[in-house]
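Asks: Can you read through this structure? Questions will come right after.
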Amino acid sequence: RASIFLQRDHGDREDRQHARLKYVVEEKGIVWTKKTLDGYFGRETDAPRPLPPLKVKDHLGWNDQGNGLFYFGLPVTSGRIRDYGNEKLRTAIREVVTAFKTPLVLMPTEDVLFCDIKNEDKPKIEKIFRDHHVPLKEDHLPVELFAMSCVALPTCGKALAEGERARVPIVSMVADVLKKYNLAQERLSVRITGCPNGCSRPFTGDIGIVGRAPDLYAVFIGGDFEGTRLSSKVADKVKTGDIGKFLDPFFAAFAKERANDNEGFGDFCNRIGIARLQELSAASGVAS
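The numbering of the sequence shown is this note's numbering, which starts it at 27 and goes up by one.
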């Protein structure tokens, strides 16, 4: 409430483009802002404390809700809910929701959560998905679970290259290179988008693959899994079929030179710096 009052009384009420609280802080200064906020709050607020590193929970599989019930996270490729051949995803979801009245949460990771599930219903729900040949968390490699793509062509008028339709082959190429260096179980985020608008958030993941033209992608590396750091552009144009070959030198260096098992791929790339990343890009022989 104190923050709301601060913005109400001191924010710009005339110019919408200048109406954010951040402009009050910038123009009045930290000392004034804290003193004024303390006045609204009724006492002196605590000094800022260092925060532990952010760790993003994936929410997939079974999780305790904390109220005696459970929720189940289902990975959905590119968020596309439909029946694919033997994989009757849409049918299975409809059956679970109809039978168990589970509220749904659509995730920003393009996955689906089924909530308010009783413990005794867990095997029944899992059986429905299995009977409809829907792959669950344990059926995917981490790189498959955490990859994201925008819809791109043919739906989006801004798309310059494929997004959703290229996701499976691109992620498969990345997975093959990870397996080559015994990195298949690495927690890695690959974000694929059809244009530089970046709707799948490619500029903050471990690897961002951004459409530049039909069958050509810019590659960004060095963000992190949690999405808290911007990545660096290491290639302007890589053909779709060459993405695995392009990433090979990066994964080879990561497997050999990472500081420890807790250092993620994006953290490693950020640590070694842009000059070394450009050397690895050139070593691939397929980037321009």
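Glycine residues also receive a C-beta, built at the ideal position from the N, C-alpha and C atoms.
No experiment lies behind these values; they were computed from the predicted model shown.
Take the Cβ of Leu-273 as the centre, count every other Cβ of all protein chains shown within 10 Å, and call the residue buried at 16 or more, exposed below.
Replies: Translated into positions along the sequence shown, residue 273 becomes position 247. Buried, by the Cβ-count rule.
Asks: If you drop the 5 nearest sequence neighbours on each side, which residues of the same chain put their C-beta closer than 8 Å to that of Ala-285?
Replies: Your numbering for residue 285 matches position 259 in the sequence shown. Excluding residues within five positions, the ones whose Cβ falls inside 8 Å are Phe-294 and Arg-297.
Asks: Measure the Cβ-Cβ separation of Ser-257 and Thr-230 and say whether it is below 8 Å.
Replies: Mapped onto the sequence shown, residue 257 falls at position 231. Mapped onto the sequence shown, residue 230 falls at position 204. Contact flag set, yes.
Asks: Could you tell me whether the segment 129-146 touches the segment 89-99, using the rule of 3 or more Cβ pairs below 8 Å?
Replies: Judged by Cβ distances under 8 Å, the segment 129-146 makes contact with the segment 89-99, as three or more pairs qualify.
Asks: Alpha carbon to alpha carbon, what distance is there between Val-131 and Phe-67?
Replies: Taking the sequence shown and counting its residues from 1, the one referred to as residue 67 is at position 41. Taking the sequence shown and counting its residues from 1, the one referred to as residue 131 is at position 105. Near 35 Å, if we compare the C-alpha coordinates of Val-131 and Phe-67.
Asks: On the premise that Ala-173 lies in contact with Arg-193, defined as a C-beta separation below 8 Å, what is that separation, rounded to the nearest angstrom?
Replies: As a first step, residue 193 must be located in the sequence shown, where it is residue number 167. As a first step, residue 173 must be located in the sequence shown, where it is residue number 147. With 8 Å as the limit, Arg-193 and Ala-173 qualify as a contact, their Cβ atoms being about 6 Å apart.
Asks: Starting from Asn-145, trace the alpha helix (DSSP H) both ways and give me its first and last residue.
Replies: Taking the first residue of the sequence shown as 1, we reach residue 145 at position 119. Per DSSP, Asn-145 belongs to no alpha helix (DSSP H) and is neither H nor E.
Asks: So who's on the other strand from Trp-88, going by DSSP bridges?
Replies: Here residue 88 corresponds to residue number 62 of the sequence shown, with the count starting at 1. DSSP output for Trp-88 lists Phe-98 as bridge partner(s).
Asks: In terms of DSSP beta bridges, what is Ile-235 paired with?
Replies: Residue mapping note: residue 235 aligns to position 209 of the sequence shown, counting from 1. Beta-bridge pairing links Ile-235 to Ile-218 and Val-245.
Asks: Quick check for students: name the residue ranges of the beta strand (DSSP E) that lie wholly in the segment 32-96, counting only runs of 3 or more.
Replies: DSSP runs (the beta strand (DSSP E)) wholly in the segment 32-96: 87-90.
Asks: Measure from the alpha carbon of Gly-94 to the alpha carbon of each residue in Leu-63, Ile-119 and Lys-148, then state which is nearest.
Replies: Counting from 1 along the sequence shown, the entry for residue 94 is found at position 68. That would be Lys-148, whose Cα lies nearest to the Cα of Gly-94.
Asks: Quick one: what does DSSP say Lys-127 is sitting in, helix, strand or coil?
Replies: Within the sequence shown, numbered from 1, the residue matching residue 127 stands at position 101. Coil.
Asks: So, is Pro-317 buried or exposed, given that buried needs 16 or more other C-beta atoms within 10 angstroms?
Replies: In the structure as shown, the chain starts at 27 and stops at 314, and residue 317 therefore has no counterpart that could be examined.
Asks: What residue range does the alpha helix (DSSP H) around Ser-307 cover?
Replies: Here residue 307 corresponds to residue number 281 of the sequence shown, with the count starting at 1. Taken as a continuous stretch (DSSP letters only), the alpha helix (DSSP H) holding Ser-307 covers 291-310.
Asks: May I have the straight-line CA-CA distance separating Glu-212 from Val-245, to the nearest angstrom?
Replies: Taking the first residue of the sequence shown as position 1, residue 212 is located at position 186. Taking the first residue of the sequence shown as position 1, residue 245 is located at position 219. Their backbone Cα atoms lie some 19 Å apart in a straight line.
Asks: Go ahead and label Arg-34 buried or exposed: buried means 16 or more other beta carbons lie within 10 angstroms of its beta carbon, across all protein chains shown.
Replies: Within the sequence shown, residue 34 is the residue found at index 8, counting from 1. With fewer than 16 Cβ atoms within 10 Å of its Cβ, Arg-34 is classed as exposed.
Asks: Output the boundary residues of the beta strand (DSSP E) element that contains Ser-14.
Replies: The structure shown has nothing for residue 14, since the chain only spans 27 to 314.
Asks: Taking the straight line between their C-alpha atoms, what separation do you get for Ala-261 and Val-50?
Replies: Counting from 1 along the sequence shown, the entry for residue 261 is found at position 235. Counting from 1 along the sequence shown, the entry for residue 50 is found at position 24. Cα to Cα, Ala-261 sits roughly 39 Å from Val-50.
Asks: Can you tell me whether Val-123 is buried or exposed? The criterion is at least 16 other CB atoms within 10 Å of its CB, across all chains shown.
Replies: Your numbering for residue 123 matches position 97 in the sequence shown. Val-123 comes out exposed.
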